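A quick write-up on the structure given underneath.
2 protein chains.
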Amino acid sequence: MQILDRIDSPQDVKKMSLEEMEELAGDIREGIMKRVNTIGGHLGPDLGIVEATIALHYVFDSPKDKFVFDVSHQVYPHKMLTGRKQGFLDSAYYSKISGYSNPSESEHDHFVIGHTSTSVSLATGMAKARDIKGENYNVIALIGDGSLSGGEAYEGFNNAAELNSNMIIIVNDNEMSIAPNRGGLYKNLKELRETNGGAQNNVFKAIGFEYCYVPDGNNINTLIETFEKVKNTNHPTVVHIHTLKGKGYKPAEEDKETYHWQLPGFLEQKNGACEQESYNSITKDFLLSKKQQNEPVVAITAATPGVFDFNPDFRTKMGDNFTDVGIAEEHAIAYASGLARNGAKPVLALMSSFVQRTYDQMSQDMALNNSPATVLIYWGGISGADMTHLCTFDIPLISNIPNIVYLAPTNKEEYIAMLEWSYKQTEHSVFIRVPAGDVISTGIKDTTDYSILNRFKLVHQGQKVAIIGAGDFFCLGQQVSEELFKYGINATLINPCYLTGVDEEMLESLKKDHSLVITLENGELDGGFGEKITRFYGSSDMKVLNYGSKKEFTDRVPLEELYNRYHLKKELIVEDIQKVLN
Amino acid sequence: MQILDRIDSPQDVKKMSLEEMEELAGDIREGIMKRVNTIGGHLGPDLGIVEATIALHYVFDSPKDKFVFDVSHQVYPHKMLTGRKQGFLDSAYYSKISGYSNPSESEHDHFVIGHTSTSVSLATGMAKARDIKGENYNVIALIGDGSLSGGEAYEGFNNAAELNSNMIIIVNDNEMSIAPNRGGLYKNLKELRETNGGAQNNVFKAIGFEYCYVPDGNNINTLIETFEKVKNTNHPTVVHIHTLKGKGYKPAEEDKETYHWQLPGFLEQKNGACEQESYNSITKDFLLSKKQQNEPVVAITAATPGVFDFNPDFRTKMGDNFTDVGIAEEHAIAYASGLARNGAKPVLALMSSFVQRTYDQMSQDMALNNSPATVLIYWGGISGADMTHLCTFDIPLISNIPNIVYLAPTNKEEYIAMLEWSYKQTEHSVFIRVPAGDVISTGIKDTTDYSILNRFKLVHQGQKVAIIGAGDFFCLGQQVSEELFKYGINATLINPCYLTGVDEEMLESLKKDHSLVITLENGELDGGFGEKITRFYGSSDMKVLNYGSKKEFTDRVPLEELYNRYHLKKELIVEDIQKVLN
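As they're listed, the protein sequences go chains A and B.
The first sequence begins at 265 in our numbering and counts up by one.
The second sequence begins at 265 in our numbering and counts up by one.
This is how it looks when you write it as structure tokens:
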């Protein structure tokens, strides 16, 4: 770390010789490896962008010149060069530096960014602000080839091309999205790589950009020369650099998908245990069984197959019955709707945080048409995640769209029954909130007819207090119920199954011998499931307490702390109940 | 109408000679003019696509071959050829046929469609379903040049290019979006037109499509020849046809923007009255005054300047301080965020129905960054609109995103004060729900400090019943209050101003001498503003009645009927109140 020691700000890079910068690249790689091996994080994309980041800081003058990093999967080297190297070298500082672009950490970051395909649009806004204020500097957007498949990126490119001023877009082409890229665009990138940028077909030129190609995007010298050429350009320019994802760490160079992101300890090559049953494995078994039955099933992912363990083996087995649409969630929903309307059986898996990219498609392309597609929402719930990857908003987002049926299974058997029902039925667009965590199994086949919408399950009939525990918070409901029992209260316990409506009959019947209803949901309270219950009882004597998360962006707050903050613990809830009852 | 009389289904087109088809085109135009002049609708795009629609039905075999129309602005000729001509020729049938693609009307329509940029994705799904089921027919997506700027369209193209099977995309290039097109893509379309499709730069070829160009897209013969050539193609193909928007009606050919859509009676050239003050004119005056003060204001629209009366005169006056990003709402939000983060003052105007396309951008690109942009939401509220253009969902959509401040002015002076505050402040992403309907003015300048968030205005202090009327439903609150007075109830009247939070202090104080709170909002109840109030009172003795619209897609249901259905009338509300109080 001899060279990195000398870097406190980008100014220090400018003083270096080429040899020193090459040594610096080694130090940065070491820092990336160390941090990721200790706390996990993005590995491949960061290892690939080291040289380009050094060259950018050598040529441009941040923060006067503005860098906007797409999705932040490649922001570690930038952080190390902009006063935050301790976040990589000293484990005491790891938690102080996030894995994403963050203006509260440094004046060299301009946005909090964690979702893909946004950098060109954001940078276009910055460039226009510069122009209208009569200022003069470079605005540089970085975007990976994977992120290019997102519609927002394209909207950005289309508009950036119209600027009559400086705008530089670095397309970091490492030949990979998280998984392999999908889409016609990538044939063009390949053609451009194979012709050293000279192919006749050139999507960037076609929409109006000046274009240059850097065949070895890990060569600092070439990069510097190229960036010097485009610096202070007075028109929109694309610099297409070809980099090696995972560079410097052989396993990551060879298995780019696996090493895109890693958990702590990957250097020690800890082997996972044998594959245990999980909601992922249950889903895969379901899909494979449909495939084996020659059903017209189509499993779909939007560039994150790993999240659902749709690994290469699974993908091979599914064959034509699997589609990765790339980072294109909007298309994924519309595509699923098209499949369903034409008699196929789409099952689309999306992370809660990324389904956010599709409200209009869920509403217009799918729900309005009642296209009988199945959409699985993963990871929905409160977590200690980075603020860009919270998964607490999917219930308000999805459940207030008319026509959609949003189901919340509480265990394995329910999940399978809901999947089977959703797959077979032809009348509704069905979303299922796949439980997080370990598989809970009752061992008893669920024979519920889910076509009778919004029928809650009365799991235990008690009195005075009724607890409605949705999805994976049904367990919390059970705990509260047990705790209440200690205080002599035999509470009613309800599994609502549906997040998109209320069982008016059951709620009405509770009025007879209950005075308090508790709702529990693993997500945001505002606009969520519980409020529907509360509204139902608004003009009655029934009292209602809603539990879930507050409307806020939390940033790497430990789950324990959030559970305390939101009173999501049996003791705290029972205390609240007693206050209301007394 | 001699020729159109003979058309009951597309089969009848196939029997016609070229001359007869040309005569048929005239009949179809007559029908379009008649319907639009009587009930309003899309004029220019439908007049331009007449010949292409005839040729498509001549060559292909609908409904076996599947046509998917983007946004449905060009679907009238198709409707006339598929058993629905009475919806254009006989005013008794006008209301039975919608202005949009609709499977419940005909087996020749496959989706309800009213938002842009969706056809290629939907058609890709249909094509994949065909392939996986081993079927054999053509899938044809139609998309206008304007719709090409939307990210979903691009995501669709990128994925469609990967099909190893039949897929035909007709790009209907009439050189216009609703207003002039914006973006680098359009330079390429121009280049292609000017080179008869032979330009080296070709965005469609670049991403992997076979491409052919039809210079006169209003020539039935050429169109038929071209469609015959691509019919049954086994790979994705783009047919770029150059058509004349508004063809056959001179004023529409000459002023394409004005005649994109028309109100009833346009043929009689009814002159509008002198421009009255409206919320549109107030907004424009505000923006122009900032421009005149050399402020770094940037007014933004996403291809619908006419909705806000951002007419050519206004655009000229705003000059560089105006941006039309094209149909690219996602980019519009991110662009506004970029502008705001770099010190400019963006004011983005969006229709409620189209802000639906931007949830993730509102959340990640804007709110997470607290970018101090102003976003104006127009037309929010319950209406008798087509089901694809409902504007009832923006409150649940926007108000449950953390950090956003969503304001609901009730009159002109509040609107101006909120605009001024939002414009000046630098801490929040502010959305303002521009009131619909006529301007209400108090004549008294509003001096409220809106930086104190979630402080409701106590307009009248009464007792027993408190009415919280949000935005343009504050008036309804006043009416209810007056009605209650007849029954001896002196109700409290509150203007909440904020849709994103509750005034806990005020709500708490109501507990003293009120037993019932009424909330009124012009939009969906589920996930909306009223539920926040209800949740606040959940564990208290306060009763709450929430008024707004039900979670449902309504389709051209008269407003009066909806108001009855939702009890949005003073008499009905007072009846409900009496039931709860007694």
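Here a beta-carbon is modelled for each residue, glycine too, at the ideal position from N, C-alpha and C.
Bear in mind the structure is a predicted one, so any value in this text is a computation, not a measurement.
The beta strand (DSSP E) with residue i in it runs from where to where?
i, result
"G408(A)", "403-408"
"T587(A)", "586-588"
"F695(A)", "694-697"
Is any beta-carbon of chain A found at less than 8 Å from that of residue i?
i, result
"N402(B)", "no"
"E416(B)", "yes"
"S803(B)", "yes"
"V339(B)", "no"
"V698(B)", "no"
"H342(B)", "no"
"E684(B)", "no"
"Y623(B)", "yes"
"F550(B)", "no"
"M582(B)", "no"
Kindly list the residues whose CB is nearer than 7 Å to the CB of residue i, restricted to its own chain and excluding five residues on each side of it in sequence; keep chain order.
i, result
"I267(A)", "E284, E287, L288, D291"
"A417(A)", "S381, V384, I407, S411"
"K495(A)", "V323, F324, N402"
"L551(B)", "V561, A563, M582, V611"
Following the continuous alpha helix (DSSP H) through residue i, name the residue where it begins and the one where it ends.
i, result
"Y477(B)", "Careful: Y477(B) lies outside any alpha helix (DSSP H), inside the beta strand (DSSP E) at 474-478."
"V323(A)", "314-323"
"L740(A)", "738-750"
"Y670(A)", "That residue, Y670(A), is in no alpha helix (DSSP H); its beta strand (DSSP E) goes 669-671."
"K454(A)", "448-458"
"Y679(B)", "676-688"
"I484(B)", "484-494"
"V838(B)", "834-845"
"R829(B)", "823-829"
"D658(B)", "658-663"
"Q275(B)", "274-278"
Could you pull the DSSP bridge partners for residue i from this structure?
i, result
"N436(B)", "G408(B), I505(B)"
"M615(B)", "Y642(B)"
"S813(B)", "E788(B)"
"N759(A)", "K721(A)"
"K330(A)", "V403(A)"
"P500(B)", "M431(B)"
"L780(A)", "V729(A), K807(A)"
"Q526(A)", "G305(A)"
May I ask whether a heavy atom of the ligand SAH can be found less than 7 Å away from the beta carbon of residue i?
i, result
"N423(B)", "Looking at this structure, you won't find the ligand SAH or any other ligand, since it has none at all."
What residues in its chain sit with their C-beta under 8 Å from that of residue i, if we drop five residues either side in the sequence?
i, result
"N828(B)", "L836"
"P367(B)", "D373, H374, F375, V376"
"D259(B)", "In the structure displayed, chain B extends from 265 to 846; residue 259(B) sits before or after that span and is not available."
"I499(A)", "According to the sequence as given, residue 499(A) is His; it is not Ile. Answer for H499(A): L427, N428, S429, N430, M431, E474, listed in chain order."
Kindly say whether residue i, judged by its beta-carbon, lies nearer than 8 Å to any beta-carbon of chain B.
i, result
"M651(A)", "yes"
"Q743(A)", "no"
"I471(A)", "yes"
"A598(A)", "yes"
"Q725(A)", "no"
"S848(A)", "The displayed coordinates of chain A run from 265 to 846. Any statement about residue 848(A) would go beyond what the structure contains."
"V808(A)", "yes"
Give the interface partners of residue i over in chain E, defined as CB-CB distance under 8 Å, in chain order.
i, result
"P560(A)", "Among the protein chains of the structure shown, namely A and B, there is no chain E."
Ordered along the chain, which non-local residues of its own chain (more than five positions away) have a Cβ less than 6 Å from that of residue i?
i, result
"N438(A)", "G312, T507, K509"
"M630(B)", "I597, S601, S693"
"A784(B)", "At residue 784(B) the sequence reads Leu, which differs from the Ala that was named. Closer than 6 Å at the Cβ level, and outside the excluded window around L784(B), lie G733, F737, L740, G741, Y811."
"A567(B)", "S441, I442, G590, I591"
"F720(A)", "I758, P760, D767, M770"
"T622(B)", "E593, E594, I597"
4-residue-minimum alpha helix (DSSP H) runs that sit fully inside the region 348-433 of chain A, ordered along the chain: 350-353, 383-396, 415-424
Quick one: which unbroken alpha helix (DSSP H) runs of 4-plus residues sit fully inside the region 543-611 of chain A? Chain order, please. 543-556, 576-582, 593-605
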